[in-house]
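Step one of this worksheet: look at the structure below.
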Amino acid sequence: MSVMTRDWQDDQPYHRSGSGETVVLIHGFTSSWHLWKPVIEILEKDYDVLALSAPGHLGWLWPDGLEVSMDNAVALVEQRLGELGVGQAHVVGNSLGGAIALWMASRGTAATAVGLAPALGWVSGSIPVDRLFLASRKAVTEAMPQAAEILGSPELRQQILGVFMNRGDRVPLEEAVRMWEAVLAVDPIEDYLQVLHSFELPTLTTDQKAAIIWCGDDTLLPYDTCSQGWIDHAPYAAFSTLEGVGHSPMYDDPQRVSDAIIGAIRSA
Numbered sequence: 000m001s002v003m004t005r006d007w008q009d010d011q012p013y014h015r016s017g018s019g020e021t022v023v024l025i026h027g028f029t030s031s032w033h034l035w036k037p038v039i040e041i042l043e044k045d046y047d048v049l050a051l052s053a054p055g056h057l058g059w060l061w062p063d064g065l066e067v068s069m070d071n072a073v074a075l076v077e078q079r080l081g082e083l084g085v086g087q088a089h090v091v092g093n094s095l096g097g098a099i100a101l102w103m104a105s106r107g108t109a110a111t112a113v114g115l116a117p118a119l120g121w122v123s124g125s126i127p128v129d130r131l132f133l134a135s136r137k138a139v140t141e142a143m144p145q146a147a148e149i150l151g152s153p154e155l156r157q158q159i160l161g162v163f164m165n166r167g168d169r170v171p172l173e174e175a176v177r178m179w180e181a182v183l184a185v186d187p188i189e190d191y192l193q194v195l196h197s198f199e200l201p202t203l204t205t206d207q208k209a210a211i212i213w214c215g216d217d218t219l220l221p222y223d224t225c226s227q228g229w230i231d232h233a234p235y236a237a238f239s240t241l242e243g244v245g246h247s248p249m250y251d252d253p254q255r256v257s258d259a260i261i262g263a264i265r266s267a
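Right, dumping it as structure tokens:
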């Protein structure tokens with residue numbers, strides 16, 4: 000069944016389908032679980048797939064009064080998994096979600112962690128993350144009333160979404176609009192952006208199973224400036240590169256992304 004025709008219950012803060020070992024999917028900063036749809040359709044054939052929106056993102060409000068931090072974001076994810084009856088699972092994350100997955104491995108709450116282009120591995124000051132995301136949010140805010148028109152053709156979607164993926168033309172219009180909605184839904188964004196500047200990576204040990212998959216065409220978090228932190232703090236992880244795909248590659252090549260995830264889980 001295609002992404003367009005399936006009943007996805009899009010108003011929920013998570014999606015669950017399939018059966019088998021549980022694989023948790025967590026998206027990147029300013030995104031939502033919906034970005035995983037092409038991969039979900041493959042993984043659910045063999046796994047119980049649970050795709051979550053991250054705390055403070057589309058569908059999941061950050062709790063009032065709780066400090067925004069990586070430790071608290073991870074704890075909220077762990078709490079939600081417990082509420083959904085999930086114990087230790089394979090946790091796969093892209094970008095910010097990849098950092099959450101690796102954090103969970105360090106805390107012993109992920110059976111296996113797979114970081115797909117994980118965030119927070121950058122050299123301090125090497126990328127202007129706050130300016131990048133605030134500029135994106137400002138542009139989306141101004142363009143949102145004309146979203147259907149601006150994103151109306153596959154060619155325009157490829158151009159506009161090109162910083163995140165190679166094949167934005169494959170993203171259905173309704174999903175592209177939802178991507179913009181997700182950008183505007185992040186709250187509190189200023190506190191989240193502060194976290195991207197002030198954090199301390201956890202160190203993973205030999206008994207904490209982890210894999211890190213870099214994306215060969217990633218221009219948002221390029222390997223040269225955004226990998227060293229995880230190389231230093233997860234020295235025993237299995238490292239690999241998925242060539243020919245962008246930072247969030249779910250639409251670029253869902254089969255190869257799924258195969259890479261399955262391979263990482265089975266070999267960790």
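For the sequence shown, numbering that gives the first Met the number 0 begins at 0 and goes up steadily by one.
Think of the CB as a built atom: it goes at the ideal place given N, C-alpha and C, for glycine as much as any other residue.
Backbone CA spacing between residue i and residue j [nearest angstrom]
| i | j | result |
| --- | --- | --- |
| glycine 92 | leucine 51 | 10 Å |
| threonine 21 | valine 48 | 6 Å |
| threonine 29 | histidine 89 | 23 Å |
| aspartate 251 | alanine 116 | 14 Å |
| threonine 140 | threonine 205 | 45 Å |
| arginine 177 | aspartate 258 | 26 Å |
| arginine 166 | histidine 26 | 18 Å |
| tryptophan 179 | alanine 112 | 28 Å |
| glycine 84 | arginine 15 | 12 Å |
| glutamine 157 | glycine 114 | 25 Å |
| glutamine 227 | leucine 220 | 12 Å |
| leucine 55 | tryptophan 121 | According to the sequence shown, residue 55 is glycine rather than leucine. If you take the alpha carbons of glycine 55 and tryptophan 121, they lie about 23 Å apart. |
| alanine 53 | tryptophan 61 | 9 Å |
| valine 244 | glutamine 254 | 12 Å |
| glutamate 276 | lysine 44 | Beyond the ends of the chain as shown, which are 0 and 267, falls residue 276; an answer cannot be given. |
| leucine 160 | proline 171 | 12 Å |
| arginine 169 | leucine 34 | 12 Å |
| cysteine 225 | alanine 175 | 26 Å |
| serine 135 | tryptophan 59 | 21 Å |
| tyrosine 46 | aspartate 217 | 28 Å |
Coil, strand or helix - residue i by DSSP
| i | result |
| --- | --- |
| arginine 15 | strand |
| aspartate 47 | strand |
| alanine 233 | coil |
| threonine 205 | coil |
| histidine 246 | coil |
| threonine 29 | coil |
| valine 256 | helix |
| threonine 114 | Here the sequence assigns glycine to residue 114, which means threonine is not the residue at that position. Glycine 114 falls in the strand class under three-state DSSP. |
| alanine 267 | coil |
| tryptophan 121 | coil |
| glycine 86 | coil |
| glycine 64 | coil |
| glycine 92 | strand |
Residue interval of the alpha helix (DSSP H) (run including residue i)
| i | result |
| --- | --- |
| alanine 72 | 69-82 |
| threonine 140 | 128-142 |
| alanine 175 | 172-184 |
| histidine 196 | 188-196 |
| leucine 298 | A query on residue 298 cannot be resolved here, the shown segment of the chain reaching from 0 to 267 and no further. |
| alanine 147 | 146-149 |
| proline 37 | 36-42 |
| glutamine 158 | 153-159 |
Rounded distance between the beta-carbons of residue j and residue i, thought under 8 Å
| i | j | result |
| --- | --- | --- |
| histidine 246 | serine 94 | 7 Å |
| alanine 98 | leucine 119 | 5 Å |
| proline 87 | alanine 104 | The displayed chain sequence assigns glutamine, not proline, to residue 87. Not quite, the Cβ-Cβ distance comes to about 10 Å (not below 8 Å), so this is no contact. |
| phenylalanine 132 | leucine 57 | With a Cβ gap of about 15 Å, phenylalanine 132 and leucine 57 do not count as contacting. |
| leucine 195 | valine 128 | 5 Å |
| methionine 164 | proline 248 | 6 Å |
Boundaries (first-last residue) of the beta strand (DSSP E) holding residue i
| i | result |
| --- | --- |
| valine 22 | 21-25 |
| threonine 224 | First-last for threonine 224: 222-225, but that is the alpha helix (DSSP H), not the beta strand (DSSP E). |
Closer than 7 Å: residue i CB and nearest the ligand GTP heavy atom
| i | result |
| --- | --- |
| threonine 205 | Because no ligand of any kind appears in the structure shown, any question about the ligand GTP cannot be addressed here. |
Beta carbon proximity, residue i to chain B, threshold 8 Å
| i | result |
| --- | --- |
| aspartate 206 | Going by chain labels, chain B is absent from the structure shown, which holds only one protein chain. |
Could you tell me whether the region 71-79 touches the region 36-43, using the rule of 3 or more Cβ pairs below 8 Å? no
How about the region 237-248 and the region 143-153: do they share at least three Cβ pairs that are nearer than 8 Å? no
Please confirm if the region 190-210 is in contact with the region 55-73, defined as three or more CB-CB distances below 8 Å between the two stretches. yes
Check whether the region 220-235 and the region 254-264 touch, using three or more Cβ-Cβ pairs below 8 Å as the test. no
Three CB pairs or more closer than 8 Å across the region 178-189 and the region 208-225: no
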